[in-house]
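A short worksheet on the structure shown next.
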Amino acid sequence: GHTLRLLSFPSVLEKALTKLDALKNKFGGLFSNFANALNPQQQSGGSGGSGTDFSKLSDKLEEMKQSIVEIQKTFENDDLTTFICVCIPEFLSLYETERLVQKLAKFGIDTHNIVINQVLFPEKNTKHECSRCKARVKMQAKYIEQFNDLYPDFHLTKIPLMSQEVRHLKKLKKFAFLLLNPYEEEYSKTEFDETVFFKDFVDQEDDFEEDDNDQQNDAQTNEIQDID
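1 is the number of the first residue of the sequence shown in this note's numbering; add one for each residue after it.
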């Protein structure tokens, strides 16, 4: 909702400025006479201050309108602006994404990429089975299918659910790697090995250091809260 309000702000502001401009043209003389009546000393000085101020206001409004037109042109230019929707495979997220895509089309903003985050891919070559995981995979598969039906012309990228938070540089690079190298295509192969797929990002020592840093940061935060 906040994103849509932000994107609609230029058009809302343009309508408001258009109404102000209409009021200025209709009642500009009246406002100037009223200002002169309230401040006769400025009028007797011969400086024409009120008229000058009103002219400056008109110029400022016109300048703002030109800026808004430029912003709208930038938004509507496919070569300069595109919008990537990020969602998760659940009903509410699917609904909000559809609403967002429709609004973007109404605003004339290009969008043809959707990132489906936190997709659960069951571990391969393991003996144990998790009933909750299986139920989760089944639920997500239903909504992923709906995404495919709703957006056949879109580029859908499925990001697997991470075992840790996407924090620190290495994990951010790993996430960027998944955006450019589809995980699902490799996962569907019989010889898929996740360790090999993430070979450039596997470093247990760094992970332990990052976990220790996170624990220290959490401990410091708790100490600060206790002091408060």
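All C-beta atoms, glycine included, are put in the ideal place defined by N, C-alpha and C.
Quantities reported herein were computed from a predicted structural model and do not represent experimental measurements.
{"Asked": "Span of the beta strand (DSSP E) around Val166", "Found": "Segment: none, Val166 is in no beta strand (DSSP E) and carries neither H nor E."}
{"Asked": "Whole-angstrom C-beta distance between Phe192 and Lys124, which should lie under 8 angstroms", "Found": "6 angstroms"}
{"Asked": "Alpha-carbon to alpha-carbon, Thr126 and Ile71", "Found": "53 angstroms"}
{"Asked": "Bounding residues of the beta strand (DSSP E) (the contiguous stretch that carries Cys130)", "Found": "Looking at the DSSP string, Cys130 is not in any beta strand (DSSP E), and its letter there is neither H nor E."}
{"Asked": "Helix, strand or coil at Ile114 [DSSP, three-state]", "Found": "strand"}
{"Asked": "Cut-off 6 angstroms between Cβ atoms - residues of its own chain near Gly45, not counting five sequence neighbours on either side", "Found": "Residue confidence is low: Gly45 scores 49 on pLDDT, short of 50, so the model does not pin down where it sits. Its coordinate-derived value is still stated next. Within the same chain, Gly45 has no close Cβ partners at all."}
{"Asked": "Local Cβ density within 10 Å of Phe147, reported as buried at 16 or more and exposed below that", "Found": "buried"}
{"Asked": "Alpha-carbon spacing of Phe154 relative to Thr97, whole angstroms", "Found": "13 angstroms"}
{"Asked": "Cross-strand partners of Thr157 (DSSP beta bridge)", "Found": "Val115"}
{"Asked": "Given Val119 as reference, the closest of Met162, Thr195, Ile68 once Cα atoms are compared", "Found": "Met162"}
{"Asked": "Start-to-end residues for the alpha helix (DSSP H) that takes in Lys103", "Found": "91-107"}
{"Asked": "Contact set for Glu205: own chain, Cβ-Cβ below 7 angstroms, skip 5 residues either direction", "Found": "Annotation note: pLDDT 43 at Glu205 (below 50); position unreliable, no value reported."}
{"Asked": "Cα-Cα separation between Thr190 and Phe201, rounded to whole angstroms", "Found": "22 angstroms"}
{"Asked": "Span of the alpha helix (DSSP H) around Thr195", "Found": "194-197"}
{"Asked": "Local conformation of Ile88 per DSSP, three classes", "Found": "coil"}
{"Asked": "Spatial distance of Phe175 from Cys133 (CA atoms)", "Found": "22 angstroms"}
{"Asked": "C-beta atoms of Ile278 and Ile116 nearer than 9 angstroms", "Found": "Any answer about residue 278 is impossible in this case: the structure gives the chain only from 1 up to 228."}
{"Asked": "Closest Cα partner of Gln140 within the set Cys87, Asn113, Pro152, Arg99", "Found": "Cys87"}
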